[in-house]
Amino acid sequence: MQTLKAIITKLTTKDGWLDNNSFNYASLFKPQFPYSLPNKPRKRTKPSPFFSLDTELPILILLVTGLQHALACLAGVITPPMIISSSLNFSPDLQSYMVSSSLICSGILSIIQMLHLKIPYTNKFIGTGIVTIVGVSFNTIPVFSSMANRMYNNGTCPMDDQGNKLPCPEAYGYFIGTCMLASLLEIGISLLPSKVIKRICPRVVSSTVIIMIACNLIQSSGFVNWAGGSDCTTACPSADAPRPLPYGAIEFIGLGFLAVLTILLVEIFGSPFMKSGSLIIALAVGSTVAAACGYCINKTRESPVITFIWVHTFKLRLDPPSILPIMAIYLVNSIEALGDVTAASEASRLSITGDKFDERIQGGILADGLAGIFAGAMTQAPMSIFAQNNGIIALTRVANRSAGIVCACYLILFGILGKISGVFLSIPNPVLGGVTSFLFANVLVSGVRILGTLSWQRRDRIILSTAWMFAFGVLLVPDWAANFFRGVQTNGNEALEGWFETIETIVSTPSIIGCLMAILMNLIIPSDVVENANENDIEHGIISEVPSFKSTDMEK
């Protein structure tokens, strides 16, 4: 009865809705001029109070901050399914479904992450218990692209007489089925002690993975869309478009640049609320100009008013050559989850040591692994924790779990309203390419930021040099292993052929080969005993004694 009475009071009183005494609304919505004028110094606004994990917030603040989180994550949630569906040439209605179901799935799995459910009769948890939003992992896109290209080349996916790729939902069924099986690896990793996970995958490994994924996405998706889209040369996005132009036309470059310029202007002059939705604002401005110039294709007609998961389904199958590469992706997701949960805990002013923190790490990685199974069951690619949310926590000073759950509810609502997906699919490729290139570059900066925390001993340089040699080499020369098994006779042995395809996929995917080489080097290269010595001092003889070595990096 007391709980019901408290809910009624909150819904029917001014303090329950507003609570003006505890929150500075003006600081949230007021645009800013960041430059000082002559004889007129810049005014300083009073910062908003910090709302901790379980602080009770007024309803309006929950709605506003939840919307902030949703807007900040929206572009990241919808981009991977748009890339996947366009790569397989899905029909407009199926592309719309892919975007809608990704939003619904993201909201449901985010709520599971934030509830922090205890597994009965164990000391294990599912979920982090802090503000955690999940979405389709960008890490899967390079492996998916490699798998899709292979299936078009070997005849699994159809092509017309001119060699144009036709819709191939079968390939997507292979992909999500294989991902569901491979997710068992991350579930197993979550059961390991957190200290073991940190020893195997320290910062020198996680930074390499994040940087290579971002570089690969900028190259294969961001700038390709910015120039007009993939699989087109003389008529982009297609010959049937309202105003087709050649690949790399100045009009396309200008639309993408306008979107990026919008992001920068919002970051300079916008209010905190606008900044959290800068990517969405850039998409809106770019699409509006593109529509006025006749470059938009309206796809809202094919989108239903209301939709939900399982409106379209895919036959689940296993693709043996992709099992090991996708398992490597789940290893990468585990590494990222460790870093994201740590960053979210710091932004939420929670301890990053002790049993509670270890429970968050274990619960977050376990929920990440289970998300691979649940997402596949909901017709989506693997979902993982989103790092963008950490910046919103620091910006708004709202680390409240209730606000995070409201954010997840917004995502579910956006997914159910099918016309919203149609609006996103109507965004021209150049506008989407400009915004996603900026988004991928932010991911790259996150990896560089992790590098900045290294001590930069000689050992770190050797690990990074070895891993980056392979990773950037593959990125710049994708076909370097095209004849890896030239002359090897398989005699029709499908298992052996599948094994060869697996190895070729691993050595031709920058993020995977970079991750594996970084892990291998971290395990076999001993650490320097002279931890605090400057490397230049050693090389120039200031420290004359060659340091002895000890076992692998014991990074805390």
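Residue numbers for the sequence shown follow this note's numbering, so the first one is 798 and each next one is one higher. Built from N, CA and C at the ideal position, the CB exists for glycine as well. In this text, all values refer to a predicted model and were calculated from it rather than measured experimentally.
ask   = Do Val1245 and Ile994 have their CB atoms nearer than 8 Å?
value = Mapped onto the sequence shown, residue 1245 falls at position 448. Mapped onto the sequence shown, residue 994 falls at position 197. Not a contact, by the Cβ cut-off of 8 Å.
inquiry  = Suppose you measure from the CA of Thr929 to the CA of Thr1287; what does that come to, to the nearest Å?
reply    = Within the sequence shown, residue 929 is the residue found at index 132, counting from 1. Within the sequence shown, residue 1287 is the residue found at index 490, counting from 1. Cα to Cα, the separation comes out at about 47 Å.
inquiry  = As an exercise, report each continuous beta strand (DSSP E) stretch of at least 3 residues that is fully enclosed by the stretch 928 to 976, in chain order.
reply    = 931 to 933
inquiry  = Using the Cβ count rule (16 or more neighbours within 10 Å means buried), how would you classify Pro1122?
reply    = By one-based count along the sequence shown, residue 1122 stands at place 325. Burial call: buried.
key: Straight-line Cα distance separating Ile1158 from Val1129   = Against the sequence shown, residue 1129 aligns to sequence position 332. Against the sequence shown, residue 1158 aligns to sequence position 361. So the alpha carbons of these two residues sit roughly 15 Å apart.
task = Identify which residue in Glu1156, Pro1118 and Arg1146 has its Cα closest to the Cα of Leu1135.
result = Counting from one through the sequence shown, the residue named residue 1135 turns up at place 338. Selected option, being the one with the closest Cα: Glu1156.
request  = Have a look at Thr809 and Leu815 and give me their C-alpha separation to the nearest angstrom.
outcome  = Counted from its first residue, the sequence shown places residue 809 at position 12. Counted from its first residue, the sequence shown places residue 815 at position 18. Rounded to the nearest whole angstrom, the CA to CA distance from Thr809 to Leu815 is 11 Å.
request  = With distances taken Cα to Cα, identify the nearest neighbour of Phe848 among Asn1095, Arg1198 and Leu1061.
outcome  = If you number the sequence shown from 1, residue 848 lands on position 51. Closest by alpha carbon: Arg1198.
key: Glu983, buried or exposed, once every other Cβ within 10 Å from all chains shown has been counted against 16   = Here residue 983 corresponds to residue number 186 of the sequence shown, with the count starting at 1. With 16 or more other Cβ atoms within 10 Å, it is buried.
ask   = Distance, Cα to Cα, Lys1347 vs Leu981?
value = Within the sequence shown, numbered from 1, the residue matching residue 1347 stands at position 550. Within the sequence shown, numbered from 1, the residue matching residue 981 stands at position 184. Because the pLDDT of Lys1347 is 41, which lies under 50, any placement of that residue in the model is unreliable, and the number read from its coordinates should be weighed accordingly. Inter-residue distance for Lys1347 and Leu981 is about 33 Å (C-alpha atoms, whole angstroms).
ask   = Which partner residues does Ser1181 have in the DSSP bridge list?
value = By one-based count along the sequence shown, residue 1181 stands at place 384. Paired residues: Gly932.
ask   = Is Asn1331 helix, strand or coil when you go by DSSP?
value = The residue given as residue 1331 occupies position 534 in the sequence shown. Any reading at Asn1331 must be qualified, since the residue scores a pLDDT of 48, below 50, and its modelled position is unreliable; the value itself is stated next. In this structure, Asn1331 counts as coil in the three-state DSSP scheme.
Phe1281 in three-state terms, based on DSSP = Position 484 of the sequence shown, counted from the first residue, corresponds to residue 1281. It is coil, neither helix nor strand.
task = Decide yes or no for the touch test of the stretch 947 to 967 against the stretch 1201 to 1210: beta carbon pairs closer than 8 Å, at least 3 of them.
result = no
query = So, do the stretch 964 to 975 and the stretch 1109 to 1122 have three or more beta carbon pairs nearer to each other than 8 Å?
reply = yes
ask   = With C-beta atoms as the reference, is Val1138 less than 8 Å away from Gly1161?
value = For the purposes of this step, residue 1138 is identified with residue 341 of the sequence shown, where counting begins at 1. For the purposes of this step, residue 1161 is identified with residue 364 of the sequence shown, where counting begins at 1. For the pair Val1138 and Gly1161, the CB atoms are nearer than the 8 Å cut-off.
key: Asn1329, buried or exposed, once every other Cβ within 10 Å from all chains shown has been counted against 16   = Mapped onto the sequence shown, residue 1329 falls at position 532. In this prediction, Asn1329 has a pLDDT of 47, which is less than 50 and means its spatial position is unreliable; nothing more can be read from the coordinates.
query = Sorted by chain position, which residues of the same chain lie with C-beta nearer than 7 Å to Phe1105's C-beta, five sequence neighbours on each side aside?
reply = Sequence index remark: in the sequence shown, residue 1105 carries index 308 (1-based). These residues qualify, in order along the chain: Ile901 and Ile1213.
Closest residue to Phe830 among Glu1064, Phe941, Phe887 and Leu868 (Cα-Cα distance) = The sequence position of residue 830 within the sequence shown is 33, counting from 1. Cα-wise, what sits closest to Phe830 is Glu1064.
key: Rounded C-alpha distance that separates Asp1235 from Cys954   = On the sequence shown, position 438 is the one that residue 1235 refers to. On the sequence shown, position 157 is the one that residue 954 refers to. The sequence as given places Phe at residue 1235; Asp does not occur at that position. The alpha-carbon atoms of Phe1235 and Cys954 are separated by roughly 32 Å.
inquiry  = Could you check whether the stretch 1226 to 1240 touches the stretch 1063 to 1083, counting it as contact only if at least three pairs of C-beta atoms, one from each stretch, sit closer than 8 Å?
reply    = Using a C-beta cut-off of 8 Å, the stretch 1226 to 1240 makes contact with the stretch 1063 to 1083, since at least three inter-stretch Cβ pairs fall below that distance.
query = The alpha helix (DSSP H) with Glu1143 in it runs from where to where?
reply = If you number the sequence shown from 1, residue 1143 lands on position 346. From DSSP, the alpha helix (DSSP H) with Glu1143 extends over Pro1117 to Ala1144.
Alpha carbon of Met1266 to alpha carbon of Ile1094, nearest angstrom = Counted from its first residue, the sequence shown places residue 1266 at position 469. Counted from its first residue, the sequence shown places residue 1094 at position 297. Roughly 42 Å separates the two Cα atoms.
inquiry  = Can you check which of these residues, Ser1218, Ile1260 and Phe1297, is closest to Ala1278 by C-alpha distance?
reply    = Locating residue 1278 in the sequence shown gives position 481, where the first residue counts as 1. Closest by alpha carbon: Phe1297.
Sequence-distant residues of the same chain with beta carbon closer than 7 Å to Ile1224, five excluded per side = As a first step, residue 1224 is located in the sequence shown; it is residue number 427 there, counting from the start. Excluding sequence neighbours, Ile1224 sits near Leu1080 and Ser1084.
ask   = Quick one: Cα of Val1326 to Cα of Pro878, how far?
value = Mapped onto the sequence shown, residue 1326 falls at position 529. Mapped onto the sequence shown, residue 878 falls at position 81. Note that Val1326 scores 48 on pLDDT, short of 50, meaning its location in the model is unreliable and no value can be drawn from it.
inquiry  = With H, G and I counted as helix, E and B as strand and the rest as coil, what does DSSP make of Ile1103?
reply    = If you number the sequence shown from 1, residue 1103 lands on position 306. Reduced to three states, the DSSP call for Ile1103 is strand.
key: Outcome for Val933 when other beta-carbon atoms lying within 10 angstroms are tallied against a minimum of 16   = Translated into positions along the sequence shown, residue 933 becomes position 136. Buried is the call here.
request  = Starting from Phe848, follow its DSSP beta bridges and name the residues at the other end.
outcome  = Taking the first residue of the sequence shown as 1, we reach residue 848 at position 51. According to DSSP, Phe848 bridges with Val1195.
query = Secondary structure at Lys992, three-state DSSP: helix, strand or coil?
reply = Here residue 992 refers to the residue found at position 195 when the sequence shown is read from its first residue. Residue state, collapsed to three classes: helix.
query = According to the Cβ coordinates, are Met1071 and Ile1078 closer than 8 Å?
reply = The residue labelled residue 1071 in the question sits at position 274 within the sequence shown. The residue labelled residue 1078 in the question sits at position 281 within the sequence shown. A contact, by the Cβ cut-off of 8 Å.
request  = Mind the definition here: the stretch 1147 to 1155 touches the stretch 879 to 897 only if three or more C-beta pairs lie below 8 Å; say whether that holds.
outcome  = Contact annotation: the stretch 1147 to 1155 does not touch the stretch 879 to 897, with fewer than three C-beta pairs closer than 8 Å.
request  = Could you name the residues of the same chain whose beta carbon sits closer than 6 Å to that of Ala1011, not counting the 5 residues immediately before and after it, in chain order?
outcome  = Looking up residue 1011 in the sequence shown gives position 214. Answer for Ala1011: Phe1237, Val1240 and Leu1241, listed in chain order.
query = Helix, strand or coil: which one does DSSP assign to Ser1237?
reply = Taking the first residue of the sequence shown as 1, we reach residue 1237 at position 440. In the sequence as displayed, the identity of residue 1237 is Phe instead of Ser. Note: Phe1237 maps to helix in three-state DSSP.
Simplified DSSP assignment, three categories, for Ile1224 = Within the sequence shown, the letter at position 427 stands for residue 1224. DSSP, reduced to helix, strand and coil, places Ile1224 outside both helices and strands of the structure shown, so it counts as coil.
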